[in-house]
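Residue numbers (the numbering used here), protein chains in the order written: chain B, 7 to 384; chain C, 7 to 384.
This is the structure:
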């Protein structure tokens, strides 16, 4: 009997699990939000992931349930577990990816380096935090943010008034997260895989470049990263995976500061944009590793295959003809660049694919990957 | 509109086109012989590939028709072409893979190095050939052979009597192919990709090891292969691809002789077992390259990613529990070996999967790949 993995969510992360699942001989079943999504080839089910009956019915036919995103409600997750379904990552871990206030409090308990932060429930509390941190801070809604949404840099408490007003109307009440504005030199990401029986594997720390709050480029391993930095990032990743009980892939987004520290910015408990380079640049891709980890199979070697790998996102894409209309020119000009598309209609700023390049010379492959990605933009 | 490739045949070669199709954003549709075959994830159609109406109906929904095997009858292929369907490789090329007598005659016209050969229609002609070639020869049925079937080494014409008898009963009549018994030191394989508009790319020549007529192991690039040998093999591959008008992947199986020549043994016009190493060892896998070539898209870089790659077939497999029962032990012991399974029930000698290993040290990766593959055997 083939092992069967069920993935809730039909986006590109589920789609990119299909290739390693086919090669390993793991059957993959996707519960997609609607028809025609990125993971449509494996989407035998379409339904609402917030509906307990829908998700339970989906879970009956698979050996383990995992996720394309972190939005499945705790109540649904806990019902699955109570019904004996293997869920990875489980609700106890996922709550820290779903609520940034919980995450900050737990990382503090674990002694992880992170920005100063506070839970604030009104403008006065926020102003106090601003006054204590040089007059500038980052305000975040604890839930539902992604790709820069739900994040705002403020210089005055009045700039978060609409969010406080929304909180007051929310039946659940609650608070906002405020964090010190970190003077960072660059952003890094540390990926770690962990399986239920405890085995952990750390990928090399990478540098990520964001534009308008969206990941634009990744350099792997992070250039100019000495042994001290690499070890510190791996230790943080492993400590968080173990401390939060994460199973599957964990991505820890990090700030490298002007005073040479690394601080935890965000967490993601799933394959992550910062790890797309592993498809062509690592012995074991993050998508294969996630499948192994959630099935509690031994983890694969996360080592790079070549000295450098670069990932450049394709954001937007041509208004006419789809990405396919650019295949001929991009492939002819860049025969060694690897193209990955998500089967999504191009729309300004939307992630519709990415390219990877690997090699011995970082400058060469950065040029190659950027030029190839640019050929897909209008 | 996504590009759509239709693959006739539901075996492991079709299966292994799924992963690169998903990543590139090419829709792949498989016409399988029956339900539950290796390529079942993409097998929206099930039917008889010798039936013209079945194959025509399948071809209507795709941009190009290509193949998992070379057994689609010429009449079906020519009807597709007459109906305006893009077929790659086309019938004019495929006939040379379908009939070894046609192949030998055409290679002779092209001046390709090959064993002495003859078309023989009775035992007397075969005995004459034997007498002229040291008393030993290889007799082949021109059609339908694979994995060593339809091939026999004979020391006397009487050893082919049953085949001559079968020929006499066959309404089409015909002859057997007889070839000199080549004293070879090893077998090599040269893969080439060619697209309709003429672009050609050669992979590095590899060494293949056969056991009981079935490919067991592949070393890439071929060890102890100097520039002269590599260039000669690539030139032969390209000359055959161009001379026979092959589109898609071509594999040329070669003998390296004791007197330092290379001779063409067999041809395959599709992805081939000798190229499975490219999935993890080359910038562009043979499966991605085949998709690009049959869609007439620019070809990818066939360069190796690392100095050495080794492929070891999994032949047979455990009698109980399927390959999955061995995942834990094989993955734990060999975290850097890449496993590829075909979703086929294990049966003695059957190709049910393979493993690839890549790295700087050939001995290390050979050990690793063999040990991993052995864990899947009973």
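Glycine included, C-beta positions come from ideal geometry on N, C-alpha and C.
query	result
What are the residues that DSSP puts in a beta bridge with residue 310 of chain B?	B:288
Would you say residue 384 of chain B faces chain C, with C-beta separation under 9 angstroms as the test?	no
I'd like to confirm the pairing. Which residues does DSSP put opposite residue 125 of chain C in its beta bridges?	C:183
Determine the burial state of residue 142 of chain C: buried for a count of at least 16 other Cβ atoms within 10 Å of its Cβ, exposed for fewer.	exposed
Between the Cα of residue 52 of chain B and those of B:17, B:86 and B:188, spot the shortest distance and give me the residue it belongs to.	B:17
Mapping DSSP to helix, strand and coil, what is residue 296 of chain B?	helix
How far does the alpha helix (DSSP H) with residue 18 of chain B in it extend, from its first residue to its last?	18-30
For residue 40 of chain B, does the three-state DSSP call read helix, strand or coil?	coil
Should residue 322 of chain B be flagged as near chain C, meaning a C-beta pair shorter than 9 angstroms?	no
Would a C-beta distance cut-off of 9 angstroms place residue 253 of chain C and residue 95 of chain C closer than the cut-off?	yes
Taking 9 angstroms as the threshold (C-beta atoms), are residue 199 of chain B and residue 224 of chain B in contact?	no
Residue 236 of chain C to residue 84 of chain C, Cα distance in whole Å?	36 angstroms
Given residue 50 of chain C, which residues of its chain have a CB within under 8 angstroms of its CB, disregarding the five upstream and five downstream residues?	35 and 36
Report the partner residues of residue 34 of chain B according to the DSSP bridge assignment.	B:11
If you draw a straight line from the alpha carbon of residue 164 of chain C to that of residue 48 of chain B, how long is it in whole angstroms?	55 angstroms
In whole angstroms, give me the CA-to-CA distance for residue 213 of chain B and residue 21 of chain B.	24 angstroms
According to DSSP, is residue 115 of chain B part of a helix, a strand, or is it coil?	helix
So what's residue 83 of chain C in DSSP terms, helix, strand or just coil?	helix
For residue 347 of chain B, decide whether its Cβ has a neighbour in chain C, counting only Cβ atoms nearer than 9 angstroms.	yes
Of the residues that make up the region 22-45 of chain B, which ones have a beta carbon closer than 7 angstroms to any beta carbon in chain C?	24, 25, 28, 29, 30 and 31
For residue 161 of chain B, which of B:170, B:330 and B:145 has the nearest alpha-carbon?	B:145
Which value, in whole angstroms, describes the spacing of the CA atoms of residue 244 of chain C and residue 300 of chain B?	45 angstroms
Taking residue 313 of chain C as the reference, give the member of C:284, C:295 and C:338 with the closest Cα.	C:284
Quick check on residue 90 of chain B: does DSSP put it in helix, strand or coil?	coil
Excluding the 5 residues preceding and the 5 following residue 372 of chain B in the sequence, name in chain order all residues of the same chain whose CB lies nearer than 7 angstroms to its CB.	316
For residue 337 of chain B, which residues in chain C fall below 9 angstroms Cβ to Cβ?	298, 303, 304, 305 and 306
By Cβ distance below 8 angstroms, which residues in the same chain neighbour residue 259 of chain B in space, the five residues on each side in sequence not counted?	193, 194, 195, 214, 270, 271, 272, 273, 274 and 280
For chain C, check one thing: does any of its Cβ atoms lie closer than 9 angstroms to the Cβ of residue 380 of chain B?	no
So, for residue 182 of chain C: in the same chain, excluding its five sequence neighbours on each side, which residues have a beta-carbon less than 8 angstroms away from its beta-carbon?	125, 126, 127, 132, 145, 146, 147, 148, 166, 169, 170 and 173
If we ignore side chains and look at the alpha-carbon of each, how far apart do residue 189 of chain C and residue 221 of chain B end up?	59 angstroms
I'd like the list of long-range same chain contacts for residue 385 of chain C, defined as Cβ closer than 7 angstroms, with 5 residues on each side in sequence excluded.	Examination of residue 385 of chain C is not possible in this model, given that chain C is present from 7 through 384 alone.
Give me the residue from C:370, C:325, C:369 and C:109 with the minimum Cα distance to residue 382 of chain C.	C:325
Would you give the residue range spanned by the alpha helix (DSSP H) that residue 73 of chain B belongs to?	Not the alpha helix (DSSP H): residue 73 of chain B falls in the beta strand (DSSP E), residues 70-73.
Rounded C-beta distance between residue 14 of chain B and residue 27 of chain B? I'm assuming under 8 angstroms.	About 15 angstroms separates the two Cβ atoms, so there is no contact after all.
Kindly indicate which three-state DSSP category residue 263 of chain C falls into: helix, strand or coil?	strand
Counting only beta-carbon separations shorter than 9 angstroms, does residue 364 of chain C have a partner in chain B?	yes
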